[in-house]
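Each residue of the sequence shown is one higher than the last, beginning at 0 in numbering that gives the first Met the number 0. Ideal placement from N, C-alpha and C gives every residue a C-beta, glycine not left out.
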Amino acid sequence: MSLSGTGDPAGGEALPVLFPAPAERVAPAARRTAAPPPADADGSARQLTFFGAEAADPSLADLAGLLAGPGEVVRMGGTARLSVVVDAAWRVHVLIAELALRGVAATWEATADGRHAVRTSYARTLKPLAVAWLRGTGKRPPAGLHLNGRRLRIWLAAAGAAEPSGFLLGLGADDEECWGPVGGALDAVGLSGALLGPGEGGPAYRITGRRRLARLAELVGDPPPTAPATEWPARS
């Protein structure tokens, strides 16, 4: 079952039904940048965090957030493809929309274990990500990896999970050599987390503490339309 890069199901097929499709299509980047910043309840414009998801235009480099988590990248000739398996239908909606916003077509299909595989088409525009992240066939973060709000937002959409003590950011089960550098990139933006191994509910970084959770919410911005409020960091 496929889904076009604009978020519409091919051939009229229905999206996963756990959460309805957004009421509006994702706006082109040019229109998004022309819109005023979101306003608080009193009508005043909310100040944007310098590295927050709302402070910069979408770019293909933001997809590094998918690779910081459980996303995978493969190369074929002068092209590359991204893929990730997610555990909930709302994540499919959000990721397809985020990819479309960056001009990347994607499809999804159900997996045998009840999850959803999202993958892009092979595209030349994705080759720089593959070059930066692949060492042979293995995934390795590039030196100086930086996680801004838009990259964290995509990571959270793919593999973020709320828990009573904080928030988990899931990692790739076979990407052990990535875990340390990714943790360092989290430290650099004020999101130091505890690394949980596979036997502890991971692999994932657990973000706890009022200040760090507020920082995470500040960076990733408001929840997407299809994301359950309970699965997204709440702004204070």
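Can you tell me whether residue i is helix, strand or coil according to DSSP?
| i | result |
| --- | --- |
| ALA79 | strand |
| THR272 | No answer is possible for residue 272: the residues shown for the chain start at 0 and end at 235. |
| VAL188 | coil |
| ARG239 | Given a span of 0 to 235 for the chain in the structure shown, any question on residue 239 remains unanswerable. |
| ALA226 | coil |
| LEU62 | helix |
| LEU137 | Checking the sequence shown, residue 137 turns out to be Gly, not Leu. Note: GLY137 maps to strand in three-state DSSP. |
| HIS122 | Correcting the residue type first, residue 122 is Ala in the shown sequence and not His. The answer is strand: DSSP assigns ALA122 an E or B state. |
| ALA158 | helix |
| GLY169 | strand |
| ALA233 | coil |
| ALA96 | helix |
| VAL103 | coil |
| GLY196 | coil |
| ALA216 | helix |
| ALA87 | coil |
| ALA116 | strand |
Assuming residue i contacts residue j (C-beta within less than 8 Å), just tell me the rounded distance between them.
| i | j | result |
| --- | --- | --- |
| VAL72 | ALA156 | VAL72 to ALA156, Cβ: 17 Å. No contact. |
| PRO180 | LEU144 | 6 Å |
| THR229 | TRP89 | That pair is no contact at about 11 Å. |
| GLU68 | LEU215 | It is worth fixing the name first, because residue 68 is Gly in this sequence and not Glu. At roughly 14 Å, the Cβ-Cβ gap does not stay under 8 Å, so GLY68 and LEU215 are not in contact. |
| GLY64 | TRP154 | 4 Å |
| LEU167 | ALA203 | 4 Å |
| THR207 | GLY165 | 4 Å |
| ARG114 | ASP86 | 5 Å |
Buried or exposed: where does residue i fall if 16 or more other Cβ atoms within 10 Å of its Cβ makes it buried?
| i | result |
| --- | --- |
| VAL103 | buried |
| GLU97 | buried |
| ASP41 | Below a pLDDT of 50, predicted positions are generally treated as unreliable, and ASP41, at 32, falls in that range; no measurement from the model is reported. |
| PRO223 | buried |
| ALA233 | exposed |
| ALA105 | buried |
| GLY70 | buried |
| ASP174 | buried |
| VAL130 | exposed |
| PRO57 | buried |
Does the beta carbon of residue i fall short of 8 Å from some heavy atom of the ligand ADP?
| i | result |
| --- | --- |
| VAL93 | In the structure shown, the ligand ADP is absent, as is every other ligand, since no ligand is present at all. |
Is residue j closer than 9 Å to residue i when the C-beta atoms are compared?
| i | j | result |
| --- | --- | --- |
| ASP61 | ARG149 | yes |
| ALA161 | TRP231 | yes |
| ARG139 | CYS177 | yes |
| GLY192 | ARG209 | no |
| LEU125 | LEU194 | no |
| TRP107 | LEU66 | no |
| ALA172 | PRO141 | no |
If we define contact as Cβ-Cβ less than 9 Å, is residue i a contact residue for chain B?
| i | result |
| --- | --- |
| ALA129 | Considering every chain present, this structure includes no chain B. It has just one protein chain. |
- Would the region 177-187 and the region 219-229 be scored as touching if the rule is three or more Cβ pairs under 8 Å? no
- Touching by the beta-carbon criterion (3+ pairs, under 8 Å), the region 174-185 and the region 101-117: no
- Between the region 109-128 and the region 74-90, do at least 3 Cβ pairs fall closer than 8 Å? yes
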